[in-house]
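Okay, structure first, notes after.
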Amino acid sequence: MKAAIIGAGMIAQAHAEALRSNAIELEAVITSRKESARAFAERWNIPFHSDDLSLIHQLSIDSVHVCTPPLLHASSIRELLQHKKHVLCEKPLSTDVEEARELAMLANTSQQTTALGLNVRYAPTIDRMRSILHSEEFGDVVLIHGSYLQQFGLLPTQYSWRFNETFAGKTRATTEIGTHWLDLVQYLTGMRITRVSALFNTPSPIRYELGSLLHKEPPSHHAKRVQVTSEDVALVHFQLENHSFGSLVLSQVSAGRVNHLNVEISGEHQSLWWNSENYTQFNWGDREQGIHRELFPFGNNGFNDSVRHLVRDFYQTIETGGNRRPEKLPDFDAGLRLAILCEAIYQSAQQEGAWINVEESDLSNGTQS
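Those letters in the sequence shown? Residues 1051 to 1419, by my numbering.
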C-alpha cells in the first residue's frame, strides 16, 4: 500500500508519522509551494515531491491524505476519487453545505474508501465512556455541557490562513475546534443535535500584521491593517433528538489552554466527564457509590496516537474492501452533518442567538466504503 499527502503543515506531519507507524509507504507529498514540499520530503525521506497534484496519478499511489485548508478540499477530493484513489480528508470536509453534500454523495457512489479526520473519537477513553452511556444503569441523557478552549488566537499570534475567510470559511472556532466537540457528543450519545442557539464574539476584529504576526495595536507604521471576521469565542446551546439540552463554550483566546476539550454528560442515574488534559482517564459517578475514576495508562500518548489509530482503521477498511468498516471511523456523511450543523450555528449567531433547526432531511443517505 502506497500513500501520498497533500499539504505540509502541522496536521500533515501527524499523518506522516501515523503512516510510518502503520507501515504504510509514504511515496509522495504535494503542496502549493515547491520549497515546502521539498522540506517535508527531506524530513520524512519521501521519494517524490511536487506542487502539481497530477504527480500522484503518474505514480502507483493507492491512497491520499488531504491535509490542506478547507477551501482546497473539494477540488482535490473530486480529482482523487475520479482517479480511484482512497481518500482520508482532514476536517472540516467543507465549510459549504452544498459542497459537503456533493462530496458525501461522491463518496457514497465510489468504490473507494473515504474517511474524515475526526481523531478525538480515538482517544483511549471514548469506547468505555460510550459503553457506560448506553447502559441501563446510566439511563437516558438529560444534560450535556462542556467546552473546547485554546490560546491559539491570543495576540500577538501567527498570521495564517485560519484568519482568512477565503481559505477557512466564515467561522473559525466553530469549524476548527467546535466540530471535534460536536461530533464527539453525537458519537458518544448516538443522537443528533436538532436545534441550536449561538452567540459569537471577536474581541479584536481589527488587527495589525507585521513580520507574519498579528497584533492588537500597530507595532510600527509599517504594520498592515487586517480585518478578522471569524469568531474567537462562541457560546452554543443545543437540543438533542430526545429533547435534552446541552451547552458548549468555544474559545481560541483562553490563556494557558493549549488544547483543552471538556465534556460532561448527565443521565437519569449516572454522570460521566472527561477532558483532554487528563487524556487517559475519565470519571463517572452516581448518588449511591460516589465517583469512580478509570485509567488507560498504556499505549496512547495523546493527539498523535489518536491520528495513528484513525489511520490504522482507514487502511484496515481498505484491505477488507470496505466490508468491515468500523463504526468509529468517520465518513463523509459525518462531515456533511457537521457542515449543516456549523451553518445552523452561524445563522443563529447572525440572528443574535435565535433558535435554528438543524435540517438534515436531505443528507446523502449512502453507505461509504
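Glycine included, every Cβ here is placed at the ideal spot set by N, Cα and C.
R1171 (DSSP reduced to helix, strand or coil): The count along the sequence shown starts at 1 and reaches residue 1171 at position 121. Three-state result, R1171: helix.
Of the residues N1169, L1103, K1141 and P1119, the one placed nearest V1361, counting alpha carbons only: Here residue 1361 is taken as the residue at index 311 of the sequence shown, counted from 1. It is N1169.
Distance CB(Q1366)-CB(L1345) smaller than 8 Å: Numbered from its first residue, the sequence shown carries residue 1366 at position 316. Numbered from its first residue, the sequence shown carries residue 1345 at position 295. Result no, Cβ atoms of Q1366 and L1345 do not sit closer than 8 Å.
Cβ-based neighbour list, S1082, same chain, cut-off 7 Å, excluding 5 preceding and 5 following: Locating residue 1082 in the sequence shown gives position 32, where the first residue counts as 1. Within the same chain, S1082 has close Cβ partners D1101.
Given N1354 as reference, the closest of M1051, K1052, G1059 and Q1063 once Cα atoms are compared: Reading the sequence shown from its first residue, position 304 is the one you call residue 1354. That would be Q1063, whose Cα lies nearest to the Cα of N1354.
Inter-residue Cα distance where the pair is R1171 and V1235: Here residue 1171 refers to the residue found at position 121 of the sequence shown. Here residue 1235 refers to the residue found at position 185 of the sequence shown. About 10 Å.
Cβ contact (3+ pairs, closer than 8 Å) linking the stretch 1275-1287 and the stretch 1234-1252: yes
Residue burial classification, N1095 (beta-carbon count within 10 angstroms, cutoff 16): One-based indexing of the sequence shown puts residue 1095 at position 45. Burial call: exposed.
Between the CA atoms of F1202 and S1144 - distance to the nearest angstrom: Taking the sequence shown and counting its residues from 1, the one referred to as residue 1144 is at position 94. Taking the sequence shown and counting its residues from 1, the one referred to as residue 1202 is at position 152. Near 22 Å, if we compare the C-alpha coordinates of F1202 and S1144.
Contact under 8 Å by Cβ, I1315 with V1408: Here residue 1315 refers to the residue found at position 265 when the sequence shown is read from its first residue. Here residue 1408 refers to the residue found at position 358 when the sequence shown is read from its first residue. In this structure, V1408 does not lie closer than 8 Å to I1315 by Cβ.
Residue closest to E1318, alpha-carbon to alpha-carbon, out of E1377, I1243 and W1334: Taking the first residue of the sequence shown as position 1, residue 1318 is located at position 268. When each option's Cα is compared against that of E1318, the closest is W1334.
Residue burial classification, M1179 (beta-carbon count within 10 angstroms, cutoff 16): Translated into the one-based positions of the sequence shown, residue 1179 becomes position 129. Label assigned to M1179: buried.
Contacts around F1188, its chain only, beta-carbon distance under 7 Å, and the 5 residues preceding and following it disregarded: If you number the sequence shown from 1, residue 1188 lands on position 138. Here the set comprises I1182, G1317, H1319 and Q1320.
One or two residues paired with Y1258 in a DSSP bridge: What you label residue 1258 is simply residue 208 of the sequence shown in a count that begins at 1. Paired residues: H1265 and R1275.
Whole runs of the beta strand (DSSP E) within the stretch 1218-1255, excluding any shorter than 3 residues: 1243-1251
Three-state secondary structure (DSSP) of Y1329: One-based indexing of the sequence shown puts residue 1329 at position 279. In the structure shown, Y1329 sits in coil (DSSP, three-state: anything other than H, G, I, E or B).
Reference G1059, options E1085, S1110, V1137 and H1195, closest by Cα: Start at 1 with the first residue of the sequence shown, and residue 1059 comes out as number 9. Minimum Cα distance to G1059 is reached at E1085.
L1103 beta carbon less than 8 Å from that of A1078: As a working mapping, residue 1078 is identified with position 28 in the sequence shown. As a working mapping, residue 1103 is identified with position 53 in the sequence shown. The answer is no: Cβ separation not under 8 Å.
For L1122, the nearest candidate out of K1135, A1218, D1233 and P1206 (CA to CA): Position 72 of the sequence shown, counted from the start, is the residue given in the question as residue 1122. With distances taken between Cα atoms, L1122 lies closest to A1218.
Option in R1275, L1205, Q1302 and E1215 with minimal Cα separation from N1251: For this step, residue 1251 is matched to residue 201 along the sequence shown. Among R1275, L1205, Q1302 and E1215, the Cα nearest to that of N1251 is on Q1302.
Three-pair Cβ contact test at 8 Å for the stretch 1195-1212 versus the stretch 1295-1310: yes
For K1087, three-class secondary structure by DSSP: Residue 1087 sits at position 37 when you count from the first residue of the sequence shown. One detail in the question is off: residue 1087 reads as Ala in this sequence, not Lys. If DSSP states are grouped into helix, strand and coil, A1087 belongs with the helices.
Ordered list of beta strand (DSSP E) runs contained in the stretch 1115-1170, each at least 3 residues: 1136-1139 and 1164-1166
One or two residues paired with E1344 in a DSSP bridge: Here residue 1344 corresponds to residue number 294 of the sequence shown, with the count starting at 1. DSSP, once it has assigned bridges, lists F1332 as partnering E1344.
Those residues which DSSP pairs with F1098 across a bridge: Taking the sequence shown and counting its residues from 1, the one referred to as residue 1098 is at position 48. For F1098, which the question treats as bridged, DSSP gives the partners A1078.
Three-state class that DSSP yields for W1405 in the structure shown: Taking the sequence shown and counting its residues from 1, one reaches residue 1405 at position 355. Coil, per DSSP.
CA-to-CA distance, S1185 to E1129, given in whole angstroms: Position 79 of the sequence shown, counted from the first residue, corresponds to residue 1129. Position 135 of the sequence shown, counted from the first residue, corresponds to residue 1185. About 44 Å.
Those residues which DSSP pairs with Q1289 across a bridge: Here residue 1289 corresponds to residue number 239 of the sequence shown, with the count starting at 1. Q1289 is bridged to R1245 and F1295.
Spatial distance of H1265 from M1155 (CA atoms): The count along the sequence shown starts at 1 and reaches residue 1265 at position 215. The count along the sequence shown starts at 1 and reaches residue 1155 at position 105. If you take the alpha carbons of H1265 and M1155, they lie about 42 Å apart.
Inter-residue Cα distance where the pair is H1271 and E1215: In the sequence shown, residue 1271 corresponds to position 221, counting from 1. In the sequence shown, residue 1215 corresponds to position 165, counting from 1. If you take the alpha carbons of H1271 and E1215, they lie about 25 Å apart.
Anticipated Cβ contact below 8 Å, S1197 with L1298, distance rounded: Your numbering for residue 1197 matches position 147 in the sequence shown. Your numbering for residue 1298 matches position 248 in the sequence shown. Contact flag correct, Cβ pair sits at about 7 Å.
Exposure of K1033, with buried meaning 16 or more beta-carbon neighbours within 10 Å: No answer is possible for residue 1033: it lies beyond the span of the chain, which begins at 1051 and ends at 1419.
Extent of the continuous beta strand (DSSP E) run through V1192: As a position in the sequence shown, residue 1192 is number 142, starting the count at 1. Residues V1191 to L1199.
Cα-Cα separation, D1177 to K1378: Numbered from its first residue, the sequence shown carries residue 1177 at position 127. Numbered from its first residue, the sequence shown carries residue 1378 at position 328. Approximately 9 Å between the Cα atoms of the pair.
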